[in-house]
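See structure below.
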Amino acid sequence: CHGIPPTSSKNPNWECIACASLRWDEVDGVRQTERPTVCELCSISDGVHSMHPLYDRDGINGKQIVLPATSSGEKRRWAWVHSLCAFYVGSNESTTG
90 CHGIPPTSSK NPNWECIACA SLRWDEVDGV RQTERPTVCE LCSISDGVHS MHPLYDRDGI
150 NGKQIVLPAT SSGEKRRWAW VHSLCAFYVG SNESTTG
């Protein structure tokens with residue numbers, strides 16, 4: 090998926106979590122209205138990348154982080170990270186992953 094229409098007949102209904110988030114119910118007053126592109130771990134904030142929700146803790150009790158509204162007018166929003174950035178942070182000794 091990653092924003093690209095399905096091309097495989099093997100699983101034509103599959104879509105990435107970032108695209109699926111557009112249909113999620115509102116949670117804590119936050120609703121995803123655009124496919125996420127901003128990564129909270131790096132400076133890349135545009136383009137279509139593999140995105141993953143940023144959780145407050147690991148395991149089944151983890152919840153997606155809701156970022157506060159900003160003084161520049163940005164509304165409260167869910168936190169997302171590039172899957173590659175999350176993998177790097179989670180597996181690199183220098184980041185205590």
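Just so you know, we're using the numbering used here here: the sequence shown kicks off at 90 and counts up by one. Backbone N, C-alpha and C fix where the C-beta goes; we use that ideal spot for every residue, glycine too.
Report back the beta-carbon spacing between residue i and residue j to the nearest angstrom; my notes put them in contact at under 8 angstroms.
i, j, result
"residue 140", "residue 169", "5 angstroms"
"residue 128", "residue 174", "6 angstroms"
"residue 119", "residue 155", "5 angstroms"
Taking the alpha-carbon of residue i as reference, which of the options has the nearest alpha-carbon?
i, options, result
"residue 135", "123, 144, 146", "123"
"residue 138", "132, 144, 126", "126"
"residue 117", "152, 142, 102", "152"
"residue 172", "148, 142, 103, 183", "142"
Quick check on the DSSP output: the beta strand (DSSP E) that includes residue i runs from which residue to which?
i, result
"residue 137", "Neither: residue 137 is in no beta strand (DSSP E) and is coded neither H nor E."
If I follow the unbroken alpha helix (DSSP H) through residue i, where does it start and stop?
i, result
"residue 178", "172 to 180"
"residue 154", "Taken as a continuous stretch (DSSP letters only), residue 154 belongs to no alpha helix (DSSP H), as it is neither H nor E."
"residue 108", "106 to 109"
In whole angstroms, give me the CA-to-CA distance for residue i and residue j.
i, j, result
"residue 157", "residue 164", "7 angstroms"
"residue 107", "residue 176", "17 angstroms"
"residue 146", "residue 160", "27 angstroms"
"residue 114", "residue 133", "27 angstroms"
Hey, would you say residue i sits closer than 7 angstroms to residue j, going by beta carbons?
i, j, result
"residue 121", "residue 111", "yes"
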